[in-house]
Amino acid sequence: MALLEKSLGTYILLSSLLFSTILYPFSTRGGGEKAQPSHDYRFEEAVVESRMRRGINIGNALEAPREGEWGVYIRDEYFKIIKEAGFDTVRIPIRWSAHAENSPPYRIDEAFFKRVDWVVNKSLEQHLTTIINIHHYEEIMQDPLGHRDRFKALWSQISEHYKGYPETLFFELLNEPYGELTDEKWNMLTRETVEIIRRTNPTRKIIIGPTGWNSVYNLKGLVIPEDENIIVTFHFYTPFEFTHQGAEWVNPSPTVGRKWLGTQDEKKQITDELNMAVEWAMQHGNVSLFMGEFGAYGKADMVSRVRWTRFVAREAEKRGIAWCYWEFCAGFGAYDPDRGEWKTELLNALISEKHYVAVETEYGNAFGTGWYDEGSYVQIGIDITSWGFYVFDHFEGLGPKDRIIDETTVEIYVDDCRMIKAVWRIDYVKPLTIALICFAACAAATLYKKRALKAFHN
Ligand code: BGC
Numbered sequence: 056m057a058l059l060e061k062s063l064g065t066y067i068l069l070s071s072l073l074f075s076t077i078l079y080p081f082s083t084r085g086g087g088e089k090a091q092p093s094h095d096y097r098f099e100e101a102v103v104e105s106r107m108r109r110g111i112n113i114g115n116a117l118e119a120p121r122e123g124e125w126g127v128y129i130r131d132e133y134f135k136i137i138k139e140a141g142f143d144t145v146r147i148p149i150r151w152s153a154h155a156e157n158s159p160p161y162r163i164d165e166a167f168f169k170r171v172d173w174v175v176n177k178s179l180e181q182h183l184t185t186i187i188n189i190h191h192y193e194e195i196m197q198d199p200l201g202h203r204d205r206f207k208a209l210w211s212q213i214s215e216h217y218k219g220y221p222e223t224l225f226f227e228l229l230n231e232p233y234g235e236l237t238d239e240k241w242n243m244l245t246r247e248t249v250e251i252i253r254r255t256n257p258t259r260k261i262i263i264g265p266t267g268w269n270s271v272y273n274l275k276g277l278v279i280p281e282d283e284n285i286i287v288t289f290h291f292y293t294p295f296e297f298t299h300q301g302a303e304w305v306n307p308s309p310t311v312g313r314k315w316l317g318t319q320d321e322k323k324q325i326t327d328e329l330n331m332a333v334e335w336a337m338q339h340g341n342v343s344l345f346m347g348e349f350g351a352y353g354k355a356d357m358v359s360r361v362r363w364t365r366f367v368a369r370e371a372e373k374r375g376i377a378w379c380y381w382e383f384c385a386g387f388g389a390y391d392p393d394r395g396e397w398k399t400e401l402l403n404a405l406i407s408e409k410h411y412v413a414v415e416t417e418y419g420n421a422f423g424t425g426w427y428d429e430g431s432y433v434q435i436g437i438d439i440t441s442w443g444f445y446v447f448d449h450f451e452g453l454g455p456k457d458r459i460i461d462e463t464t465v466e467i468y469v470d471d472c473r474m475i476k477a478v479w480r481i482d483y484v485k486p487l488t489i490a491l492i493c494f495a496a497c498a499a500a501t502l503y504k505k506r507a508l509k510a511f512h513n
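Counting from 56, one number per residue, gives the positions in the sequence shown under this note's numbering.
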């Protein structure tokens with residue numbers, strides 16, 4: 056009887072093993088941790104609300120001492136060209152201080168106002184969010200208190216003049232405060248000027264940036280006035296030795312020849328600074344961020360410029376930061392006004408194309424299929440490693456820039472439409488194990504039967 060029980064026990068154990076192998080053919084994914092995006096913040100709502108995402112500065116025109124003196128005279132068709140290329144925002148730097156009286160009431164020249172009206176109207180006609188600012192007011196940087204009243208008088212006139220304009224016209228108080236315009240003085244001036252603007256424009260978006268030429272490092276000194284319609288701007292030219300190589304207006308001018316290769320260190324330098332801005336914004340009521348200028352001067356090599364521009368634009372977008380490229384058609388220009396065409400490489404780096412990525416698998420589920428921006432990195436993969444007698448082996452269709460994350464996940468670089476296929480192989484261990492178990496079970500059953508019969512005859 057003891058023998059009978061033992062044989063029966065073995066039989067049951069073997070059968071349950073056999074059943075569990077057949078009825079539980081899937082094992083869940085193993086391998087390393089799936090890489091997580093490094094941040095979970097998003098200001099997208101704010102960006103959508105502010106109707107800005109991708110913009111371009113029409114620089115070197117109205118902020119020159121006289122329009123045209125720096126080689127750019129704004130032509131009506133520029134706005135259509137900009138809109139059709141895929142931008143939604145235009146920033147128009149304006150040197151109001153060169154077109155206003157030097158003593159009270161600091162009246163702005165009528166003809167200049169008319170010219171700005173024309174430019175603003177052409178931009179708004181194209182449904183472009185349009186930013187006007189005070190640019191190159193150098194005197195206020197040297198003597199903030201001496202120019203305080205004049206600055207406020209300029210904004211008083213500008214805000215009165217445009218009070219009836221659509222909400223898609225934004226005001227930016229002052230480009231790149233620096234020098235004697237310290238945090239303390241700038242915060243005071245900002246508060247007083249916002250108060251003036253609000254008398255005539257209660258809800259218009261007002262853009263304010265930190266001192267230090269709108270550096271992210273100076274955000275910590277910026278006090279945002281209590282107001283629901285403030286956007287905070289910063290300018291991004293890191294690393295300066297690359298973006299400003301050969302710049303005639305910088306003394307000493309960084310040496311020409313520096314490349315931007317996109318190494319891990321170079322990328323980290325950029326993402327660290329963007330993260331700094333985002334962290335600051337999160338600590339300040341999730342205020343909308345606007346990267347109002349970024350670009351690399353035309354003396355840098357085009358490949359590095361494109362690489363840098365694409366990286367900065369995509370990294371800003373990932374963080375929900377609206378951006379505005381510096382600039383349209385001068386030294387940093389993305390558009391060639393003489394040929395009347397875009398510099399395609401730069402335009403593509405800014406307004407990236409989307410490509411379709413298809414991830415296919417015969418077994419289990421694949422994730423990652425979809426449309427993605429050119430130049431972005433996307434995680435694709437499958438959610439299990441084995442299916443019946445099959446085990447996942449590898450992905451077919453990977454390129455040199457793709458990166459294995461773990462056993463079932465890959466990060467692919469989107470440079471074209473991509474077709475990635477999960478390849479499976481038969482797991483011979485499984486059928487062999489089952490055959491062995493069946494054989495053992497049959498043998499055990501036969502043995503059991505023989506012994507039982509023997510016992511019965513005895
Ligand atoms: C200045 C431009 C300059 C650019 C990059 C802008 O804020 O107004 O004159 O070219 O920054 O340095």
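Cβ atoms here follow ideal geometry from the backbone N, Cα and C, with glycine treated the same way.
Beta-bridge pairing of residue i - partner residues as DSSP gives them
{"i": "Cys384", "result": "Answer by DSSP bridge pairing: none, since Cys384 is not bridged."}
{"i": "Asp356", "result": "Asp356 is not bridged to any residue."}
{"i": "Ser158", "result": "DSSP lists no partner for Ser158."}
{"i": "Lys409", "result": "Asp428"}
{"i": "Trp22", "result": "Residue 22 is absent from the structure shown; the chain starts at 56 and stops at 513."}
{"i": "Gln434", "result": "Glu466"}
{"i": "Asn188", "result": "Glu227"}
{"i": "Asp204", "result": "In DSSP, Asp204 forms no bridge with anything."}
{"i": "Ile213", "result": "According to DSSP, which records beta bridges pairwise, Ile213 is partnered with nothing at all."}
{"i": "Glu396", "result": "Asp391"}
{"i": "Arg121", "result": "Arg121 pairs with nothing; no bridge assigned."}
{"i": "Ile147", "result": "Ile187"}
{"i": "Glu451", "result": "Lys476"}
Residues near residue i by beta carbon distance below 7 Å, same chain, minus five either side
{"i": "Glu322", "result": "Checking the displayed sequence, the identity of residue 322 turns out to be Lys instead of Glu. Excluding sequence neighbours, Lys322 sits near Phe366."}
{"i": "Pro221", "result": "Leu179"}
{"i": "Phe167", "result": "His154"}
{"i": "Asp131", "result": "Lys177"}
{"i": "Tyr217", "result": "Leu224"}
{"i": "Val271", "result": "Phe289, Glu328, Met331 and Ala332"}
{"i": "Gly419", "result": "Ile437, Asp438, Ile439 and Trp442"}
{"i": "Thr501", "result": "none"}
{"i": "Pro486", "result": "Phe444"}
{"i": "Glu400", "result": "Met357 and Val361"}
{"i": "His299", "result": "Tyr292, Val305, Pro309 and Tyr352"}
{"i": "Lys354", "result": "Gln300, Gly301 and Val311"}
For residue i, the first and last residue of its enclosing beta strand (DSSP E)
{"i": "Val478", "result": "Arg473 to Ile481"}
{"i": "Asp461", "result": "Arg458 to Asp461"}
{"i": "Ile195", "result": "From DSSP, Ile195 is part of no beta strand (DSSP E) but of the alpha helix (DSSP H) over Glu193 to Gln197."}
Cutoff 9 Å: residue i Cβ touching any chain D Cβ
{"i": "Glu222", "result": "Here there is only one protein chain, and chain D is not present."}
Enclosing alpha helix (DSSP H) for residue i [first to last residue]
{"i": "Phe289", "result": "Per DSSP, Phe289 belongs to no alpha helix (DSSP H); it is in the beta strand (DSSP E), Ile285 to Phe291."}
{"i": "Leu402", "result": "Thr399 to Leu405"}
{"i": "Lys505", "result": "Val484 to His512"}
{"i": "Trp326", "result": "In the sequence as presented, Trp is not what sits at residue 326; that position holds Thr. Its alpha helix (DSSP H) spans residues Gln319 to Gln338."}
{"i": "Glu417", "result": "Counting along the chain, Glu417 falls outside any alpha helix (DSSP H), and DSSP gives it neither H nor E."}
{"i": "Thr245", "result": "Asp238 to Thr255"}
{"i": "Ile262", "result": "Looking at the DSSP string, Ile262 is not in any alpha helix (DSSP H); the run it does join, the beta strand (DSSP E), is Ile261 to Ile263."}
{"i": "Arg170", "result": "Glu165 to Glu180"}
{"i": "Asn269", "result": "Thr266 to Asn269"}
{"i": "Lys138", "result": "Glu132 to Ala140"}
Residue i, buried or exposed, once every other Cβ within 10 Å from all chains shown has been counted against 16
{"i": "Arg199", "result": "Before going on, a small fix: residue 199 reads as Pro here, not Arg. That one is buried."}
{"i": "Val145", "result": "buried"}
{"i": "Gln197", "result": "exposed"}
{"i": "Leu316", "result": "exposed"}
{"i": "Cys497", "result": "exposed"}
{"i": "Phe494", "result": "exposed"}
{"i": "Val361", "result": "buried"}
{"i": "Phe511", "result": "exposed"}
{"i": "Glu156", "result": "exposed"}
{"i": "Cys472", "result": "exposed"}
{"i": "Thr184", "result": "buried"}
{"i": "Asn513", "result": "exposed"}
{"i": "Ala490", "result": "exposed"}
Contacts around residue i, its chain only, beta-carbon distance under 8 Å, and the 5 residues preceding and following it disregarded
{"i": "Gln324", "result": "Thr293 and Pro294"}
{"i": "Glu408", "result": "Asp428 and Glu429"}
Residues of its chain near residue i, where Cβ-Cβ distance is below 6 Å and the 5 sequence neighbours each way are ignored
{"i": "Ala377", "result": "Val102, Met107, Arg108 and Phe345"}
{"i": "Lys227", "result": "The displayed chain sequence assigns Glu, not Lys, to residue 227. Only Ile186, Asn188 and Ile262 meet the Cβ criterion."}
{"i": "Gly87", "result": "Because Gly87 sits at a pLDDT of 29, beneath the cut-off of 50, its placement in the model cannot be relied upon, and the point is left open."}
{"i": "His449", "result": "Val478"}
{"i": "Thr416", "result": "Ile437 and Ala477"}
{"i": "Pro120", "result": "Ala153"}
For the pair the stretch 138–157 and the stretch 170–190, tell me if three or more CB-CB distances fall below 8 Å. yes
Check whether the stretch 261–281 and the stretch 223–238 touch, using three or more Cβ-Cβ pairs below 8 Å as the test. yes
Should the stretch 467–479 be regarded as contacting the stretch 446–459, the criterion being three or more beta carbon pairs within less than 8 Å? Contact between the stretch 467–479 and the stretch 446–459 is present: 3 or more CB-CB pairs across the two stretches fall below 8 Å.
Three-pair Cβ contact test at 8 Å for the stretch 135–145 versus the stretch 389–406: yes
Three Cβ pairs or more, each shorter than 8 Å: is that satisfied between the stretch 379–386 and the stretch 408–422? Touching, no.
Using 8 Å as the cut-off, can you tell me whether the stretch 272–282 makes contact with the stretch 350–359, which would need three or more C-beta pairs spanning the two stretches below that distance? no
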